[in-house]
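**Q** Okay, handing you the structure first.
Protein chains in written order, with the numbering used here: chain A, 1 to 262; chain B, 263 to 428.
See below:
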């Protein structure tokens, strides 16, 4: 790992100021960033730790939404969201392994937008709002492809506001080596309709499967999607699965998620 | 260099570290070069996959190869050296590993014990599947895990039903 300067501010305002330095980068749980720095895929000149910022920690209920601080760990979400949003708690409790969940954060996961990460599917399927130090971004506008988001240089995800669905479920088909999602599907049902978001499958990262949303909004049943097909074009292909295999998994897992959501 | 002050196995320590020093380096490095010389914590993969470097930070299992030492400022860290009884004898969990063939080469064992201790603190009587699930981030290349799972079940006061190793 190359050397860098390190600052650990105690407020969002101080962190934003520190991120004004050249080649500065925020450090949240570090479960992706630190391994990337060891491999010299990343070499920031300044690391701005978000771990000492109290206002970015924890969960709170706001009406029909759950607001989660950007620096809240997966382990905390897995524990604290169980009553308000069980499908999200379950998703958080299946990320990585226990030690990774004790460090990794929701804000870090969303900002990284790994094409196989779980949280982007939850944010997109719930139509979440990504709250940053300077604005609010709809999830539909936030995810912009492989490791790419609407975030500007030095912009921090301070919180995420997720509308709580009436029914929801996340199905994760794990890649057996990395334990990331080979394909993951989050289905969320609201009074106004159903949203379906898919992670792990597409070379462009998380996406909404709109055909399934229409079919499920019409009739929320697992067999409502069996007649649909997902295009294999644009899907990831590697030794763990061909594009056609992943495309089929999207349909199968969507059906399973609907069945599990009841 | 930055000064970091923390508690390790109940003792307050303070060291000057480079910003990029990993927690596991601070723990393991020779005292002559600014470390604590606690080499019980092992580095297996150095890529946060294998779990050999697992320690507790404020009671939570953490991979110490994937946390900066400066991030442990003010934290209470427990390593495998802090797990034995006060008289130096093995804790019940450690003894269970010995009794139930929970280790062969022993390289993964410090991480296994720390993860198991975190599990039992959260869930004092886990099911066998809960034990296996919790060990997802700890890799053992010798035992086939069966003895490890058995040891943790035994340490929680439960018998593991006689069954063939998977």
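For each residue, glycine too, the CB sits at the ideal point set by N, CA and C.
Since the model is a prediction, treat every value here as computed from it, not as a measurement.
Are any of the Cβ atoms in chain A nearer than 8 Å to that of residue 412/B?
**A** no
**Q** Tell me which residues of the stretch 321-346 of chain B have at least one Cβ-Cβ distance to chain A shorter than 8 Å, keeping chain order.
**A** 322, 323, 324, 325, 328, 329, 330, 332, 333, 335
**Q** Could you give the first and the last residue of the continuous beta strand (DSSP E) run that contains residue 133/A?
**A** Run containing residue 133/A: none; DSSP gives neither H nor E here.
**Q** Rounded to whole angstroms, what is the Cα-Cα separation between residue 293/B and residue 177/A?
**A** 37 Å
**Q** Count the other CB atoms within 10 Å of the CB of residue 149/A; is the residue buried (16 or more) or exposed (fewer)?
**A** When all chains shown are included, residue 149/A counts as buried.
**Q** Would you give the residue range spanned by the alpha helix (DSSP H) that residue 410/B belongs to?
**A** 408-417
**Q** Residue 128/A: which of 210/A, 66/A, 80/A, 175/A sits nearest, CA to CA?
**A** 66/A
**Q** Just mark residue 312/B as buried or exposed, buried being the case when its beta carbon has 16 or more other beta carbons within 10 Å.
**A** Looking at its Cβ environment, which holds 16 or more other Cβ atoms inside 10 Å, residue 312/B is buried.
**Q** Run through the stretch 299-377 of chain B for me and flag every whole beta strand (DSSP E) of 3 or more residues, listed as ranges in chain order.
**A** Given a length threshold of 3 residues, each whole run of the beta strand (DSSP E) inside the stretch 299-377 of chain B is given here in chain order: 316-319, 322-325, 338-340.
**Q** From residue 5/A to residue 376/B, what distance separates their C-alpha atoms?
**A** 31 Å
**Q** Taking Cβ to Cβ, would you say residue 342/B is nearer than 8 Å to residue 302/B?
**A** yes
**Q** Where in the stretch 191-250 of chain A do unbroken runs of the alpha helix (DSSP H), each at least 4 residues long, occur, reported from the N-terminal end onward?
**A** 210-218
**Q** Would a C-beta distance cut-off of 8 Å place residue 109/A and residue 52/A closer than the cut-off?
**A** no
**Q** How is residue 173/A classed by DSSP in three states: helix, strand or coil?
**A** strand
**Q** By DSSP, does residue 405/B sit in helix, in strand, or in coil?
**A** Coil, per DSSP.
**Q** Write down the C-beta distance between residue 171/A and residue 256/A rounded to the nearest angstrom, noting that I regard them as a contact closer than 8 Å.
**A** 5 Å
**Q** Using three-state DSSP, classify residue 82/A as helix, strand or coil.
**A** coil
**Q** Please list the residues of the stretch 2-17 of chain A that have a C-beta atom closer than 9 Å to any C-beta atom in chain B, keeping them in chain order.
**A** 2, 3, 4, 5, 6, 8
**Q** With a cut-off of 8 Å, does the C-beta of residue 398/B fall near any C-beta of chain A?
**A** yes
**Q** Kindly indicate which three-state DSSP category residue 386/B falls into: helix, strand or coil?
**A** coil
**Q** Identify the continuous alpha helix (DSSP H) that holds residue 14/A and give its terminal residues.
**A** Where residue 14/A is concerned, the enclosing alpha helix (DSSP H) starts and stops at 12-18.
**Q** For residue 263/B, which residues from the same chain have a beta carbon less than 7 Å from its beta carbon, with the 5 sequence-adjacent residues on both sides left out?
**A** 278, 279, 280
**Q** Go ahead and pull the three-state DSSP assignment for residue 140/A.
**A** helix
**Q** Please list the partners that residue 308/B has in chain A, where partner means a Cβ-to-Cβ separation under 8 Å.
**A** 38
**Q** So what's residue 76/A in DSSP terms, helix, strand or just coil?
**A** helix
**Q** Less than 8 Å between the beta carbons of residue 380/B and residue 322/B, yes or no?
**A** yes
**Q** Using a beta-carbon distance below 8 Å, is residue 278/B in contact with chain A?
**A** Output row for residue 278/B: interface = no.
**Q** Does the CB of residue 282/B have a neighbour CB from chain A at under 8 Å?
**A** yes
**Q** May I ask which residues mark the beginning and end of the alpha helix (DSSP H) holding residue 110/A?
**A** Its alpha helix (DSSP H) spans residues 106-112.
**Q** Comparing the C-beta of residue 26/A with each C-beta of chain B, is any distance below 8 Å?
**A** no
**Q** With residue 156/A and residue 26/A assumed to form a contact (beta carbons below 8 Å), what rounded beta-carbon distance in angstroms separates them?
**A** 6 Å
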